[in-house]
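Below is one structure, written out as structure tokens, with a few remarks after it.
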Amino acid sequence: MHIPDGYLGPQTYGVMYGAMIPLCALASRIVRRTLQQRHVPFMALGAAFAFVIMMFNIPIPGGSTGHAVGGVLIAILIGPWAALIAISIALGIQSFLFGDGGVTAIAANCFNIAFVMPMTGYWAYRLIGGRAPAASRRRWIAAAIGGYIGLNIAAVTTAVMFGLQPLLARGPDGRPLYFPYPLEVAIPVMALQHLLLFGIIEAVITALLVIYFQRTEPSLLEVEGTKT
Amino acid sequence: MNTTRKLWWGLILLILLSPLGLILPEVFKSGPAWGEWSLEEIEKMVGFIPEGLKKLADLWSAPLPEYNVGGWEKKGLFRSSLGYILSGFLGVGMVVLVTFLLGKWMRKKDPPAQGS
Numbered sequence: 447m448h449i450p451d452g453y454l455g456p457q458t459y460g461v462m463y464g465a466m467i468p469l470c471a472l473a474s475r476i477v478r479r480t481l482q483q484r485h486v487p488f489m490a491l492g493a494a495f496a497f498v499i500m501m502f503n504i505p506i507p508g509g510s511t512g513h514a515v516g517g518v519l520i521a522i523l524i525g526p527w528a529a530l531i532a533i534s535i536a537l538g539i540q541s542f543l544f545g546d547g548g549v550t551a552i553a554a555n556c557f558n559i560a561f562v563m564p565m566t567g568y569w570a571y572r573l574i575g576g577r578a579p580a581a582s583r584r585r586w587i588a589a590a591i592g593g594y595i596g597l598n599i600a601a602v603t604t605a606v607m608f609g610l611q612p613l614l615a616r617g618p619d620g621r622p623l624y625f626p627y628p629l630e631v632a633i634p635v636m637a638l639q640h641l642l643l644f645g646i647i648e649a650v651i652t653a654l655l656v657i658y659f660q661r662t663e664p665s666l667l668e669v670e671g672t673k674t
Numbered sequence: 609m610n611t612t613r614k615l616w617w618g619l620i621l622l623i624l625l626s627p628l629g630l631i632l633p634e635v636f637k638s639g640p641a642w643g644e645w646s647l648e649e650i651e652k653m654v655g656f657i658p659e660g661l662k663k664l665a666d667l668w669s670a671p672l673p674e675y676n677v678g679g680w681e682k683k684g685l686f687r688s689s690l691g692y693i694l695s696g697f698l699g700v701g702m703v704v705l706v707t708f709l710l711g712k713w714m715r716k717k718d719p720p721a722q723g724s
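Chains as they are written, first to last, in the numbering used here: chain D, 447 to 674; chain S, 609 to 724.
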């Protein structure tokens, strides 16, 4: 899901920078208002967890690979706006230091992985979790569904960015200038991989860790309701 | 042991296990993620390298590509796993450092915001 350099044309990655700058400013304003001293280590833990979990490439036998992100779990623990900042930091380091995701595509990758995923997954979790107590079964089921939904929607928004490229820019010979496959290919492939495999792994990881927190420190699962 | 400390230890354990993300794709003969191909792979798949893609692709050369150090990713599974773990520690260190600095900066401006 880390879009490399060259896959998106300037119109697309430019627009994404235009979208992410105000979103990051908004996130830092919201986080600044609610951030307490004890939350900073959790933000660092969240960013570090996102970084490490993305190193676990999961193979589709004979095919491609993918990975979980932990984005919804992080949003559940520190709120979706703090998650945006934490995961963006992880994505920035991945890009600059390790070449995972292009530098021109950092904003696009942050949009998909640090904004769309935590936001949609978190609200699915809140909606399904309702007013159920922090330690209830309903909460971890909501978290699993949230993780599944968040990763899949992010996969689709990534696929849309890919698939738009042949429509936006072609050379004089009619060949695509950037990502070569159209929407009809990009969306089904990305969606199926994540619906059938990576999304399920994301759901399991999210649920297991929420259950862990329910048993060890359920207060962590309550913070978000009062803070945002 | 408090929860935060346990979580940091869990994180270190994850870094030590991270070579699984290198070894499993090898075992199952899986390629890169869909949409994260090299120029050669794109040429093989569609028959040409898109003009604009070629121009932008090498814009940035990361110091530790593929989460590995000094080309260790090509020196067998043991060496590449070791490089992967080192990259994991380095990456997590950087991520934590940046988050703490940013967190500190954000918190400093906290009191006036609370007053309003």
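Cβ coordinates follow ideal geometry from the N, Cα and C atoms, glycine included.
Selected residue, minimal CA-CA separation from residue i, among the options
| i | options | result |
| --- | --- | --- |
| D/P634 | D/L597, D/A605, D/A490, D/L643 | D/A605 |
| D/A493 | D/P564, D/I595, D/F659, D/A601 | D/P564 |
| S/K648 | S/K662, S/K712, S/G629 | The question names Lys, yet the displayed sequence has Glu at residue 648 of chain S. Here the closest residue by C-alpha is S/K662. |
| D/G548 | S/L622, S/P633, S/V635, S/E644 | S/E644 |
| D/V562 | D/F488, D/L666, D/N598 | D/N598 |
| D/A600 | D/G517, D/G575, D/G508, D/V498 | D/G517 |
| D/C470 | D/P507, D/L530, D/H485 | D/L530 |
| D/A581 | D/A496, D/G452, D/P664 | D/P664 |
| D/I522 | D/A570, D/R479, D/V602 | D/A570 |
| S/K637 | D/G567, D/N503, D/H640 | D/N503 |
| D/M466 | D/V650, D/L623, D/I552 | D/I552 |
| D/A536 | S/G684, S/L705, S/S669, S/Y692 | S/L705 |
| S/W642 | D/A588, D/F557, D/L491, D/Y453 | D/Y453 |
| S/E634 | D/D451, D/A560, D/P505, D/M500 | D/P505 |
| D/F544 | S/E651, S/R715, S/W713, S/L694 | S/L694 |
Cross-strand partners of residue i (DSSP beta bridge)
| i | result |
| --- | --- |
| D/G512 | D/I504 |
| S/A641 | D/T511 |
| S/P633 | Bridge partners of S/P633: none, in fact. |
| D/R621 | For D/R621, which the question treats as bridged, DSSP gives no partner whatsoever. |
| D/R616 | D/P622 |
Residue i: contacting residues in chain S (beta-carbon distance under 7 Å)
| i | result |
| --- | --- |
| D/G609 | None at all; the shortest Cβ gap to chain S is about 10 Å. |
| D/Y624 | P658, G660, L661 |
| D/T550 | L664, L667 |
The ligand SAM heavy atom lying under 7 Å from the CB of residue i
| i | result |
| --- | --- |
| S/T611 | Ligands are entirely absent from the displayed structure, and the ligand SAM is therefore not among its contents. |
Chain D residues whose Cβ lies nearer than 7 Å to that of residue i
| i | result |
| --- | --- |
| S/V700 | A494, F497, V498 |
| S/E649 | Ordered by position in chain D, no residue passes the 7 Å Cβ test against S/E649, which lies about 11 Å from the chain. |
| S/W642 | S510, V635, M636, Q639 |
| S/L628 | F502 |
Chain S residues whose Cβ lies nearer than 8 Å to that of residue i
| i | result |
| --- | --- |
| D/V486 | T707, F708, G711, K712, R715 |
| D/L491 | T612, L615, W616, L619 |
| D/S582 | Those within 8 Å of D/S582 in chain S number zero; the least Cβ separation is about 20 Å. |
Where residue i meets chain D, residues with beta-carbon distance less than 8 Å
| i | result |
| --- | --- |
| S/V704 | A490, A493, A494 |
Discussion item. Can you pull out the residues from the segment 452–471 of chain D whose beta carbon lies closer than 8 Å to at least one beta carbon of chain S?
Written reply: Contact residues of the segment 452–471 of chain D toward chain S are G452, Y453, G455 (C-beta to C-beta distance below 8 Å).
Worksheet item: Of the residues that make up the segment 504–519 of chain D, which ones have a beta carbon closer than 9 Å to any beta carbon in chain S?
Response: Taking 9 Å as the upper bound on Cβ-Cβ separation, chain S lies near residues I504, P505, I506, P507, G508, G509, S510, T511, G512, H513 of the segment 504–519 of chain D.
Practice prompt. Give the residues from the segment 550–574 of chain D that approach chain S closer than 7 Å (Cβ to any Cβ), ordered along the chain.
Written response: Only T550 from the segment 550–574 of chain D bring a Cβ to less than 7 Å from some Cβ of chain S.
Worksheet entry | Short-range partners of chain S found in the segment 638–661 of chain D, where Cβ spacing is below 7 Å | Correct list: Q639.
Practice prompt. Can you check the segment 632–718 of chain S for any alpha helix (DSSP H) of at least 4 residues that lies completely inside it and give the ranges in chain order?
Written response: For the segment 632–718 of chain S, the continuous alpha helix (DSSP H) assignments of 4+ residues that do not extend past its boundaries occur at 647–654, 659–665, 684–716, in sequence order.
Worksheet item: Given a limit of 8 Å on CB to CB distance, which residues of the segment 524–544 of chain D reach chain S?
Response: Listed in sequence order: I531, A532, I535, A536, G538, I539, Q540, S541, F542, L543, F544.
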